[in-house]
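Report on the structure given below.
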Amino acid sequence: MTTSNMPETQDNAEPRISNVVVVGAGPSGILLSILLAKHGIKVDLLEATETIDEQPRAAHYAPPAVYELRRAGVIDEVIERGFKPASGCWRKANGEVIVGMRFDAIPDDPERMVVLPLDRLGKLMYAHLQKLPLATVRWGHRVVNIGEEGDKAWVEAQTVTGLVKVEGDYVIGADGATSTIRRLLFGPNSFQGETLDAAIVATNVIHDFSQYGYWDTNYLVDPKNWCMVARIGRDDHLYRVSYSEVPGLTAEEYKKRQPARYKEILPGNLEPSDYTITNINPYKLQQRCAPAFRKGRFLLAADAAHVCNPFGGLGLTGGIADIGSLFDCLNGINQNLADDSILDKYAEIRRNLYVDVIDPLSRENFRRLWNQDPNKARENDDFFQTLIKAETDEELAKELTLGLNVLRHDFTQYYKKN
Ligand SMILES: Cc1cc2nc3c(=O)[nH]c(=O)nc-3n(C[C@H](O)[C@H](O)[C@H](O)COP(=O)(O)OP(=O)(O)OC[C@H]3O[C@@H](n4cnc5c(N)ncnc54)[C@H](O)[C@@H]3O)c2cc1C
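Here the sequence shown is numbered in UniProt numbering, starting from 1 and rising by one per residue.
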């Protein structure tokens, strides 16, 4: 099923795009490849590694992302393997709830937030992509060089057998936060913004936190031991625990400190024998954005274009919203419903959405966890005050669940009128 308001492919229209090269088989690159290949555009997807990444990263996908997953035809399986969380809350370090937020204020909303760990989402989407004859996936292709010639853009990828050149009408850099495409386009220090003076360790852990009265998603507000505990498994007690750490240690040092940090922060006075960690990785927290999302026939999307701290789940949700926009632009060009200038609009509008919405909102989500007195937060925090109002105001509760739809932008409105 598709909820797109874009025109269906016009069978009699001469396609304007012969192929698109997508760099990076992360969630955003795979999703874009599915959307393009399903709508008659040949895709070459190049990935540096040999398999899908399994690090503990995204798990929560807000309404704008769910909308695009639906358009790609994968949402039913995502919901089947994942789940729709009912609610989240902010707590003091002693577990006392400060305030809660419902995610089910519009229970039958088809775009309600969905949870599925990223590696499971990646594998699920890849299975869909493999069925599409117009998509070619090349694992073990690390892009190292780029250029343009005439009306084509090209990339050179390092493989075990040497350099391989692949060209296309457009090249999409979906190659993540360390994007090679971005660096080659704009220079090595072009990811503008900052690394925050904080670090987290993200763990996927099997342990039933509902026994402590924990909700689906729990944020611990505390100047030192701020933390997020969220259920991310459908029925296997798999949780994501992302806790604060001192910046600057090695991965080994963080791993060594993990049992003590769990014991200090989490309920249950936990010993390692009480839980099973399936994945652990430290992360710096960054707020960064590329100077532009387009240069010639090269475009940037998702983490290659912008990154933010993970609190509030705006990273991939914003990235997937980019992908939906980029798809509508390329599909419009292919069907002669739009000219190439629509990609300038993509670059401008999507960058503004990062600067005006994602960056400030994610910073505020993070600040809320550590930079306030937990005992006064209920009264002092404006967002908490809004949530308290929403407890008795059904319309406001609905409005809040739809708030992130501001990240969606309908690019079909720029299609040629005839
Ligand atoms: C702890 C944590 C929790 C998070 N939680 C959430 C959440 O709940 N919700 C949410 O929306 N977001 C969340 N995020 C953010 C989210 O994980 C990222 O935004 C998302 O993974 C980015 O996807 P991507 O496809 O853009 O990049 P990536 O997933 O980084 O994929 C990029 C791909 O490009 C490949 N690549 C890199 N260089 C090259 C090259 N030169 N040639 C070829 N291939 C290359 C890489 O190998 C990789 O496979 C979280 C992040 C962290 C760290």
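Note that beta-carbon positions come from the ideal geometry of N, C-alpha and C, so glycine has one too. The model shown is predicted, which means the values in this text are computed figures rather than measured ones.
* Asked: In terms of residues, what are the limits of the alpha helix (DSSP H) holding Ile333?
  -> As a working note, residue 333 is residue 333 in the sequence shown. Residues Gly315 to Asn334.
* Asked: Hey, out of Leu238, Ile265 and Tyr61, whose CA is closest to Asp222's CA?
  -> Residue mapping note: residue 222 aligns to position 222 of the sequence shown, counting from 1. Closest by alpha carbon: Ile265.
* **Residue environment, Thr317, which counts as buried when at least 16 other CB atoms sit within 10 Å** => Walking along the sequence shown from the start, residue 317 turns up at place 317. It counts as buried.
* For Ile333 versus Glu68, is the C-beta distance shorter than 8 Å? -> Translated into the one-based positions of the sequence shown, residue 333 becomes position 333. Translated into the one-based positions of the sequence shown, residue 68 becomes position 68. In this structure, Ile333 lies away from Glu68, with their beta-carbon atoms at least 8 Å apart.
* When DSSP builds the beta bridges, which residues end up paired with Val97? -> Reading the sequence shown from its first residue, position 97 is the one you call residue 97. Answer by DSSP bridge pairing, in chain order: Arg91.
* Expressed to the nearest angstrom, what Euclidean distance is found between the alpha-carbon atoms of Asp109 and Met228? -> Within the sequence shown, residue 109 is the residue found at index 109, counting from 1. Within the sequence shown, residue 228 is the residue found at index 228, counting from 1. About 26 Å.
* To do: Please check the pair Ile98 and Pro374, which I expect to be a contact at CB under 8 Å, by giving their CB distance rounded to whole angstroms.
  => By 1-based counting over the sequence shown, the position of residue 98 is 98. By 1-based counting over the sequence shown, the position of residue 374 is 374. Rounded, the Cβ-Cβ distance is 7 Å, consistent with contact.
* To do: Go ahead and pull the three-state DSSP assignment for Leu404.
  => Sequence index remark: in the sequence shown, residue 404 carries index 404 (1-based). Helix, per DSSP.
* To do: Measuring alpha carbon to alpha carbon, tell me which of Gln385, Phe384 and Ile79 ends up nearest Val114.
  => Taking the first residue of the sequence shown as 1, we reach residue 114 at position 114. Nearest option by C-alpha distance: Ile79.
* Would you check if there are 3 or more beta carbon pairs closer than 8 Å linking the segment 132-144 to the segment 267-287? => The segment 132-144, when compared against the segment 267-287, does not touch it at the 8 Å Cβ threshold.
* To do: Report the rounded CA-to-CA distance for Arg350 versus Leu343, giving the unit in angstroms.
  => Indexing the sequence shown from 1 puts residue 350 at position 350. Indexing the sequence shown from 1 puts residue 343 at position 343. Rounded to the nearest angstrom, the two C-alpha atoms are 10 Å apart.
* Met228 lies in the beta strand (DSSP E); which residues open and close that run? -> For the purposes of this step, residue 228 is identified with residue 228 of the sequence shown, where counting begins at 1. That run of the beta strand (DSSP E) goes Cys227 to Arg231.
* For Asp328, decide whether its Cβ has a neighbour in chain C, counting only Cβ atoms nearer than 8 Å. => Here chain C cannot be found, since the structure has a single protein chain.
* Cβ pair count under 8 Å reaching 3, the segment 59-74 against the segment 175-191 -> Taking a contact to require three or more Cβ pairs closer than 8 Å, the segment 59-74 and the segment 175-191 do not qualify as touching.
* Could you work out which residue in Leu185, Gly319 and Ala251 is closest to Ala202 when comparing CA atoms only? => Position 202 of the sequence shown, counting from 1, holds the residue named residue 202. Sorting Leu185, Gly319 and Ala251 by C-alpha distance to the C-alpha of Ala202 places Ala251 at the top.
* Asked: Going by Cα to Cα distance, which pick from Arg408, Asp393, Thr178 and Tyr214 is closest to Leu314?
  -> Along the sequence shown, one-based indexing puts residue 314 at 314. Nearest option by C-alpha distance: Arg408.
* To do: Using only the heavy atoms of ligand 1, determine whether one of them is closer than 7 Å to the beta carbon of Tyr61.
  => Here residue 61 is taken as the residue at index 61 of the sequence shown, counted from 1. Taken from the Cβ of Tyr61, at least one heavy atom of ligand 1 lies inside 7 Å.
* Cβ contact check for the segment 72-89 and the segment 115-134: 3 or more pairs under 8 Å -> With a cut-off of 8 Å, the segment 115-134 and the segment 72-89 count as touching, because enough Cβ pairs lie within range.
* Asked: Going straight from the alpha carbon of Phe383 to that of Asn352, what length do you get?
  -> As a working mapping, residue 383 is identified with position 383 in the sequence shown. As a working mapping, residue 352 is identified with position 352 in the sequence shown. In a straight line, the C-alpha of Phe383 is about 23 Å away from that of Asn352.
* To do: Could you tell me the distance, in whole angstroms, from the CA atom of Gly100 to the CA atom of Ile200?
  => Taking the sequence shown and counting its residues from 1, the one referred to as residue 100 is at position 100. Taking the sequence shown and counting its residues from 1, the one referred to as residue 200 is at position 200. For Gly100 and Ile200, the distance between alpha carbons rounds to 23 Å.
* **Pro85 Cβ short of 7 Å to ligand 1 heavy atom set** => Counted from its first residue, the sequence shown places residue 85 at position 85. No, the Cβ of Pro85 stays beyond 7 Å of every heavy atom of ligand 1.
* With a 10 Å radius around its C-beta and 16 neighbouring C-beta atoms as the bar for buried, classify Val355 as buried or exposed. => In the sequence shown, the residue the question calls residue 355 occupies position 355. By the 10 Å Cβ count, Val355 comes out exposed.
* Separation of Leu36 from Phe327, as counted between CA atoms -> In the sequence shown, residue 327 corresponds to position 327, counting from 1. In the sequence shown, residue 36 corresponds to position 36, counting from 1. As the crow flies, the alpha-carbon of Phe327 is around 7 Å from that of Leu36.
* Asn19 beta carbon less than 8 Å from that of Lys42 -> Against the sequence shown, residue 42 aligns to sequence position 42. Against the sequence shown, residue 19 aligns to sequence position 19. In terms of Cβ geometry, Lys42 and Asn19 form a close pair [threshold 8 Å].
* Thr412 - containing alpha helix (DSSP H), residue span -> On the sequence shown, position 412 is the one that residue 412 refers to. Boundaries for Thr412: no alpha helix (DSSP H) harbours it, and the DSSP string shows neither H nor E there.
* Asked: Within 10 angstroms of its Cβ, does Tyr415 collect 16 or more other Cβ (buried), or is it exposed?
  -> Indexing the sequence shown from 1 puts residue 415 at position 415. It counts as buried.
* Could you tell me if the beta carbon of Leu314 falls within a distance shorter than 7 Å of some heavy atom in ligand 1? => On the sequence shown, residue 314 is found 314 positions in, with the first residue counted as 1. Yes, the Cβ of Leu314 comes within 7 Å of a heavy atom of ligand 1.
* Asked: Would DSSP call His207 helix, strand or coil?
  -> Position 207 of the sequence shown, counted from the start, is the residue given in the question as residue 207. It is coil, neither helix nor strand.
* Run of the alpha helix (DSSP H) containing Glu348, from where it starts to where it stops -> Mapped onto the sequence shown, residue 348 falls at position 348. Element bounds for Glu348: Ile342 to Leu353.
* Three or more C-beta pairs closer than 8 Å, one from the segment 275-282 and one from the segment 293-300: is that the case here? -> In short, these stretches do not touch, since the Cβ pair count stays below three.
* Asked: How many angstroms separate the CA atom of residue 498 from the CA atom of Leu220?
  -> Since the first residue of the chain shown is 1 and the last is 418, residue 498 is not available in this structure.
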